[in-house]
Amino acid sequence: MKDYADLLLLLVAVSNLYIVATSRLNSCVRASAIQGAALALLPLVLWTSGFNVQLFHLAVICAGTLAIKAIVIPILVSRAIREANVRREVDPSVSLHSSVLLAGLLMGISFWMSTVLVLPRPAPTMLLVPVAFATLLTGFLVLISRRQAITHVIGYLLIENGVFIFGQTLAREVPFAVELGILLDLLVGIFVMGIAINHISREFDHIDTELLSTLKD
Amino acid sequence: MVFAVLVAFPALLGLVALYTRNVRVALTLLLVGASLHLLATGWLWTIPAGLELSWMFKLDVLGLLFLTLTSILFLAASLYSIPYLMHGTHGEQAAPHRFVPCLLWFLSCMSLVATTQHLALMWAAVEGTTLASAPLVYFYRRKSALEAAWKYLLLCSVGIALALLGTFFLGIAATASSQTHAGLSLSSLMSVAPTMAKPWLKAAFVLALVGYGTKMGLAPMHTWLPDTHSQAPSPVSALLSGALLNCAFLAILRFYQICIASGDAAFARTLLITMGIISIAVACAFMVRQRDYKRLFAYSSIENMGIMALGVGLGGMAVYGAMFHAVSHSVCKAGLFFVAGNVLREFGTTRVSDVRGLIQRLPVSGVLLTILMLAIGGAPPFGLFWSEFIIFQTAIGSHPWLGVVFVTLLAIAFLGMGGVLLPMLQGSSASPVQNRKESTLSVVTPLAMACGVLALGVYLPPVLSDLLHRAAGLLGG
Amino acid sequence: MLEIVIHIALLILFPPLVLGVINKTKSWFAGRNGPPLLQAYFDIAKLLRKGAVYSRTTSWVFRAGPIVSLGSILCAGLILPLASNVAPLGFTGDVILFAYLLGLSRFFTMAAALDTGSAFEGMGASREAAFAVPAEPALFLSLAIVCIPAKAASFQAAWSALPWALWGGAHPAYLAAAIALFAVMLAENSRIPVDDPNTHLELTMIHEVMVLDHSGPDFAFILYGSAVKLFVIAALLVHVLLPIPEHLGWTGVALLCLGEAALAILIGVVESTVARLRLTRVPQFLIGASVLAGIGLAIALYRGTA
């Protein structure tokens, strides 16, 4: 089973790339939903074989992740897109070609970082740490290089996903109530952001965050 | 039971308040929650050796200190909110029915931060404070408030995500040492700290400092803070400045405790000192000739957070100074924001140049503003003078140049603040005087805060001083 | 000896059939009967019987273009193993030569297009060159991934060292290489979403516009050359997904044919369901493939060292 973890992680890496490369907002959301589904399967694939697994715990985590990251949040975000009358194209401040190249570069950096910061105990699979770093860094890339509020939410999601993958190295140490709490926080966070986006689009006509720059010294 | 009153009860009251349309009922709920919270906190003071309920709730002196601050400030802010909501001039677009529930949830999350020692749970609580307070920032339904709320939400969420990564890194560092799983609770992490994987521990502290530091308002990540504090309603600004920033600081201190336990705190201390000095310097640069008095107070908060980080980083007596500073600053800054609320209600603007003749139009608030301004600037005999003096002494002792830089920056901040605020007090205002009497509640709370900060400077009760010493002891002071 | 004969026979006889399968698939999706499976053979035979027309402004480059192009593709087909893991002309380093032979063929097609002096064909050549640049790294990086287990730049070594790639699920690097190679295959053979082999709309043509002035046998060579190119790259992909071992004899041939047919159907499905990319998006598609192949290479190296 563990062998398939690497394939899931490759899927995560490819969806990172796709989110950076696509020019359509809806494709971004769809790719993040796919990524969420891959992440939900990840603990299942990683931990069903091996030492004392609590199957119930595992099932709850997977179901919760799947429901929140792959279904509820994408629906919330795409509803925000629909209701806020957002322009359907992403508005990058760095051209899409260079963002793809940058994402590739970040991937390389992630592999390098994972050779510098070596896990004290070997990771369940080789790709876990590099892909976690890459997802995190890609999230920052999206956050910095896109101008719309919606894409910022997607960047935040990517960062959270990167952290989630890191969390897999600790799956045995963290009680599951905490994991669910973290998921819930994420969900509420996105919900509040969605509301905010609605308000922003109503107040400002559209949601390029460059308009949100009146407050400064 | 007591934890239920501290954490669950406010949350429940918040739910009830969500479904009341009547402002009076909602305010009653708010006051009930705040008073019970303070009572419970007071009861906790009577237990000398901390309290441990389960893996979720555990209280030590550090938590008790910050819990008490939160509790007192919250009661004050609730009292201050009464005139604010009942006959405030918050315009037609405000949304008062969201105000009380969010405020109560905010309290619940902050209490959880102070009473838990499970790092992941603490993370969830800190994120909860962001989510509960974002609607409060958007209380005035206008563009600038929305912008502030969005920046607050996004920047803090991203910062907090990094803090979660830091928490995980800490867990990873702990896997190096033990055969048994250490979990993410503070005590077990501290017990395995000496054998942790050092690179991961360091990375964890850096991420926590950056992540929670965003929330605390440390310098390069502070950009949301002035916007948010200037756009939020004044009682909320007071809570954000006086209680929330402290909670974020507490989260950083938890990581610092682990660094101390690992026996390799020099690295963490250098980082704290650096961030502290940068914060103070950046805040000073923006305080001089500031055009908006609420932003001025916000930058002053950044400065004081920098002072606290510096104090903890310096170690020794300065840690005690930092704890003392946290107490004095919270009380003083809350008072300042309450006064700022009075000024804003009277003049309808936060622009310094539009506020003139404050002493004539609002005599009590004017006097209070003068007193609190002296206090926050660090003039004797107020509490902040002593805390800053202790930190300065330690700094001069260990790094003389640092002490000189520190005291120079403090002087700049004091003069800058005076230069902005004094013209507001004098002169005569162009607009006609409305002759509205200042409502009692709106001046009683800042008056109490001013008395408090004065009392802290004149006579420090041995109970409090003992608590501060014990808290500092946890942080290597 | 027999193997060589089979190899050459496969290489020479089969390619137009692949085109037939693609067209049948597309017709099936569109609900038509479509041209017969062997239509490409008929086209080529018809063109071979005709005479060629040469413009007075063209030089020998124009005449050499189709021949050199077809010749280099056939050479590439000779160094790539088809029905087993050995090729008639295989040697150490043939992987590099393979990539360059593909490049040579493209270069001569472009040179012949430029030689006509027509702005129209020049535009096609410029597009071809512009899209070849981002496709090249994808091809090279994928080949590098494939060669890593063998630590040798030869197809024979690589194919024999390649584990039963995807079927263990343990080799995301090969999956990345396969996806990148599939993208390269679509781009190199002017398929949707990069180019449309059926279009004659001047704004969007890439490959077709370059060969407009060729006629008669020259055009037959070009048609045949592109069929061989598709066949060869598809064979490469088949080997990545399903390395055919030595001495399988006719089973190997059957495996190859099955693989080629599956890929042809896949191409047909892609062409029927996916929209063509805007011209400005094409480089992005190919850069994406290159980055993916880069990720695959990183994975392969990382797993190799760790």
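Note that the protein sequences, when read in sequence, are chains P, W and L. The first sequence begins at 1 in my numbering and counts up by one. The second sequence begins at 1001 in my numbering and counts up by one. The third sequence begins at 2001 in my numbering and counts up by one. Glycine is no exception: its CB is placed at the ideal position from the N, C-alpha and C atoms.
Short CB-CB distance (under 8 Å) between residue i and chain P
i                       : result
residue 2302 of chain L : yes
residue 1286 of chain W : yes
residue 2176 of chain L : yes
residue 1420 of chain W : no
residue 1168 of chain W : yes
residue 2165 of chain L : Because residue 2165 of chain L sits at a pLDDT of 49, beneath the cut-off of 50, its placement in the model cannot be relied upon, and the following sentence gives the value as read from the coordinates. No - not a single Cβ of chain P is within 8 Å of the one on residue 2165 of chain L.
residue 2039 of chain L : no
residue 1215 of chain W : no
residue 2306 of chain L : Its pLDDT being 40, under 50, residue 2306 of chain L is placed unreliably by the model, and nothing is read from it.
Candidates the options: closest to residue i by CA position
i                       : options                        : result
residue 8 of chain P    : L:2070, L:2171, L:2293, L:2279 : L:2171
residue 81 of chain P   : P:164, P:215, P:196, P:214     : P:196
residue 1339 of chain W : W:1234, W:1351, W:1326, W:1216 : W:1234
residue 24 of chain P   : P:151, P:13, P:35              : P:151
residue 1099 of chain W : W:1148, W:1030, W:1151         : W:1030
residue 2179 of chain L : P:11, P:128, P:69, P:3         : P:11
residue 2257 of chain L : L:2234, L:2108, L:2284, L:2186 : L:2234
residue 1546 of chain W : W:1023, W:1333, W:1055         : In the structure as shown, chain W starts at 1001 and stops at 1477, and residue 1546 of chain W therefore has no counterpart that could be examined.
residue 1149 of chain W : P:104, P:169, P:189, P:44      : P:189
residue 1202 of chain W : W:1077, W:1223, W:1136, W:1167 : W:1167
residue 1101 of chain W : W:1194, W:1001, W:1033         : W:1033
residue 1371 of chain W : W:1038, W:1125, W:1291, W:1421 : W:1421
residue 2218 of chain L : L:2152, L:2067, L:2026         : L:2067
residue 2045 of chain L : L:2220, L:2287, L:2244         : L:2220
residue 2238 of chain L : L:2103, L:2032, L:2008, L:2084 : L:2084
residue 1391 of chain W : W:1355, W:1007, W:1439, W:1320 : W:1320
residue 1041 of chain W : W:1004, W:1348, W:1028, W:1282 : W:1004
residue 1142 of chain W : W:1318, W:1046, W:1232, W:1398 : W:1232
residue 1215 of chain W : W:1251, W:1206, W:1238, W:1230 : W:1251
residue 1078 of chain W : W:1228, W:1024, W:1162         : W:1024
Residue i at chain L interface by Cβ criterion, 8 Å
i                      : result
residue 143 of chain P : no
residue 126 of chain P : yes
residue 21 of chain P  : yes
residue 108 of chain P : yes
residue 10 of chain P  : yes
residue 103 of chain P : yes
residue 91 of chain P  : no
Buried/exposed call for residue i, threshold 16 Cβ in 10 Å
i                       : result
residue 201 of chain P  : buried
residue 2165 of chain L : The predicted position of residue 2165 of chain L is uncertain, since its pLDDT is 49 and thus under 50; a value taken from the coordinates is nonetheless stated next. Classification of residue 2165 of chain L: buried, given that the 10 Å Cβ count is 16 or more.
residue 1169 of chain W : buried
residue 2024 of chain L : buried
residue 1353 of chain W : exposed
residue 1010 of chain W : buried
residue 1147 of chain W : buried
Own chain, CB closer than 6 Å to residue i, minus 5 neighbours either side, in chain order
i                       : result
residue 2057 of chain L : 2117
residue 1026 of chain W : 1017, 1020, 1100
residue 1446 of chain W : 1335, 1338, 1339, 1368
Chain W contact for residue i (CB, 8 Å cutoff)
i                      : result
residue 203 of chain P : yes
residue 133 of chain P : no
residue 160 of chain P : yes
Neighbourhood of residue i by C-beta, 8 Å cutoff - its chain only, sequence neighbours within 5 removed
i                       : result
residue 2305 of chain L : Confidence is the limiting factor: at residue 2305 of chain L the pLDDT is only 47, short of 50, which leaves the residue's position unreliable and the question unanswerable from this model.
residue 100 of chain P  : 17, 20, 21
residue 1388 of chain W : 1307, 1321, 1325, 1378, 1410
residue 2162 of chain L : 2146, 2149, 2150, 2174, 2239, 2240, 2243
C-beta neighbour in chain B for residue i, strict 8 Å
i                      : result
residue 121 of chain P : The structure shown contains no chain B; its protein chains are P, W and L.
Contacting residues, own chain, Cβ-Cβ under 7 Å from residue i (five flanking each side not counted)
i                       : result
residue 153 of chain P  : 77, 190, 193
residue 2059 of chain L : 2115
Contact test: residue i Cβ vs the ligand MN heavy atom, cutoff 7 Å
i                       : result
residue 1403 of chain W : Ligands are entirely absent from the displayed structure, and the ligand MN is therefore not among its contents.
Counting only runs that start and end within the region 2139-2183 of chain L, where is the alpha helix (DSSP H) found for 4 or more residues in a row?
2155-2161, all fully within the region 2139-2183 of chain L.
Fully enclosed by the region 1333-1420 of chain W, which beta strand (DSSP E) runs are 3 residues long or longer?
Runs of beta strand (DSSP E) with 3 or more residues, each lying fully within the region 1333-1420 of chain W, are absent.
Jot down the residue ranges of each uninterrupted alpha helix (DSSP H) in the region 1201-1245 of chain W, minimum 4 residues, whole runs only, in chain order.
Runs of alpha helix (DSSP H) with 4 or more residues, each lying fully within the region 1201-1245 of chain W, are found at 1224-1231, 1234-1239, listed in chain order.
Could I get the ranges of all uninterrupted alpha helix (DSSP H) runs contained in the region 1259-1295 of chain W, with 4 residues as the minimum, in chain order?
Counting whole runs of 4 or more residues, the region 1259-1295 of chain W contains the alpha helix (DSSP H) stretches 1266-1287.
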